[in-house]
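S.K.: Those letters in the sequence shown? Residues -21 to -1, 1 to 429, per mature numbering (1 follows the signal peptide of the UniProt record, and there is no 0), in order. After the structure tokens below, expect a handful of questions from me.
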Amino acid sequence: MALLRHFLLSFTIVIISFVACNSNLQEDPLITTYVDDSPSYDDSDTLLFKNMIEQNTNDVLCLDQFGVSSRSLKIVNVRDYGAKGDGHTDDTQAFKKAWEVVCSSGQSVLVAPQDYNYLLKPIRFSGPCKSNISVQISGSLEASDNPSDYSEDQRHWLVFVEVQQLLVNGGGTIDGKGNIWWENSCKRNKKKPCKDAPTALTFDSCKDLIVEDLTIQNAQQIHVSFQDSTNVKASGLKVSSPGNSPNTDGIHITNTQNIKISSSIIGTGDDCISIVDGSSNVEATDITCGPGHGISIGSLGAGKSKDFVSGVLVNGAKISGTTNGVRIKTWPGGSGSASNIKFQNIEMDNVTNPIIINQNYCDKKKKPCKKMDSAVQISNVLYQNITGKSASDVAVKFDCSEKFPCKEIKMQNILLICEEGEPAKALCNNVQLSYIGNVNPRCNSQKYTN
């Protein structure tokens, strides 16, 4: 009975956290000139999910007094399926068995209790499942650091695929044990061949997804990836790896619609947040970023691809000690568009490129960038209420395409200075730009070249 009460208390906390994360995000009302023609975010499916979980909570709370009912929530503890949690024994099969039970049952919660370290090889938690599911990670999930364990799939460690109405939280840790992968990266050792490394946590083709209150650290490569998913809310995440860990993006978003990331702390060796092709209606609020490469849209258009990103809002961020602040990067020769984008209410500290658009992005270490006849069109971008210090003398760089210049770029209330307090510069090329309010630095007749 004491164990049951513990689970009931934990699940009640889950519900309180879930309800809190559904509060509406508020945008700054100062700008009325910004035109956002992207489709609105429909919360109806997520609200239905919320109502289901609240009903489950009522059922669970009846257990203590009236016993288990046919409508009660099923609690599945991985330790009951053989997980040792000693950090040495392979617990992969125990997690697979527990998932099979949860996925095939009615409304259920899979529990990985705290004070245990679960060693896991690559594992896929596949749907579709019978009903909505909660996964409560309170202990530590630790990746195998033996590369041979990833022989069948070198690009993924933990994957949730084709699961609807999924809640993942619990206050625990997901540790990719990435050091062995970083040491063998061609970015660290030029003599090593360039190989794929696993993404620590992937959500693929999921719908009505909530991920909250987790620490994800030391990923082999990307920490968290949302791909081909819709209606996603991620909050209270702590994502970290050393600043020199290669390709360790914090949160990577690809072909995902209606996603909100909030109240998260991200510091890695690559982009804190990266948003790439097929993504729309993306919101990132209350983000702390650094070290890393900043918050990026792109890269887009690599290999002459046709890529689209639209409806992005970054509202409320503290970015420090990064190579970039807010960045849009596209490859020459690509096509498509990046449009309807807002960067607002952002503080910069010791950021090398606080504001940057680069339509001439390429791997210059292999060969110089070639001039191409096509480019990803960048348009309708607002920079509003951005302040702080630049680690370089150029705080604003707009390096846009000559044939497909950046259009409708607006700047309002910008104040960026150098670390020493000296005025910063803005270098611009092929950009249609307008100013609102006080903006410093402003572009002049100089052209920024690579």
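Note that the Cβ used here is the ideal one computed from N, Cα and C, for glycine as well.
Can you give me the Cβ contacts of T71 inside the same chain, cut-off strictly under 6 angstroms, excluding the 5 residues immediately before and after it?
M.R.: L99, K100 and I102
S.K.: Which value, in whole angstroms, describes the spacing of the CA atoms of S84 and C108?
M.R.: 8 angstroms
S.K.: Pick out whichever of K386, G118 and V375 has its Cα sitting closest to the Cα of A355.
M.R.: In the sequence as displayed, the identity of residue 355 is Val instead of Ala. When only C-alpha atoms are compared, the closest one is K386.
S.K.: Check for me: the alpha helix (DSSP H) holding E401 runs from which residue to which?
M.R.: Element bounds for E401: n/a, residue is neither H nor E.
S.K.: Express the C-alpha separation of G269 and T302 in angstroms, rounding to a whole number.
M.R.: 9 angstroms
S.K.: If I measure Cβ to Cβ from S241 and keep anything under 6 angstroms in the same chain, skipping five residues before and after, which residues do I get?
M.R.: S214, T264 and D265
S.K.: Taking the beta carbon of R416 as the centre, do at least 16 other beta carbons fall within 10 Å, making it buried, or is it exposed?
M.R.: According to the sequence provided, residue 416 is Gly. The question's Arg does not apply to it. With fewer than 16 other Cβ atoms within 10 Å, it is exposed.
S.K.: Helix, strand or coil, according to DSSP, for E79 in the structure here?
M.R.: helix
S.K.: For K283, count neighbouring Cβ atoms within 10 angstroms of its own Cβ and tell me buried if that reaches 16, exposed if not.
M.R.: exposed
S.K.: Does the distance from the CB of V288 to the CB of I245 come in under 8 angstroms?
M.R.: No. Outside cutoff.
S.K.: Enumerate in chain order the residues of its own chain whose CB-to-CB distance from I393 is below 7 angstroms, with the five nearest sequence positions on each side excluded.
M.R.: Y362, I365, V418 and N419
S.K.: Identify whether P101 lies in helix, strand or coil by the three-state DSSP scheme.
M.R.: coil
S.K.: Output needed for C251: all residues of its chain with C-beta closer than 6 angstroms, excluding positions within five of it in sequence on either side, in chain order.
M.R.: G229, I245, C268, G271 and I274
S.K.: Three or more C-beta pairs under 8 angstroms: does that hold for the segment 136 to 150 against the segment 160 to 176?
M.R.: no
S.K.: Can you have a look at G290 and say buried or exposed, based on whether 16 or more other CB atoms are within 10 angstroms of its CB?
M.R.: G290 is buried by the Cβ-count criterion.
S.K.: Pop quiz: D378 and N337 are said to be a contact at Cβ under 8 angstroms. What is the actual Cβ separation, rounded to whole angstroms?
M.R.: Yes, D378 and N337 are in contact; Cβ-Cβ is about 5 angstroms, under 8 angstroms.
S.K.: Taking the Cβ atom as the reference point for each residue, do P311 and K350 lie within a distance shorter than 8 angstroms?
M.R.: Contact: yes.
S.K.: Where V330 and S259 are concerned, what is the direct C-alpha to C-alpha distance, given to the nearest angstrom?
M.R.: 27 angstroms
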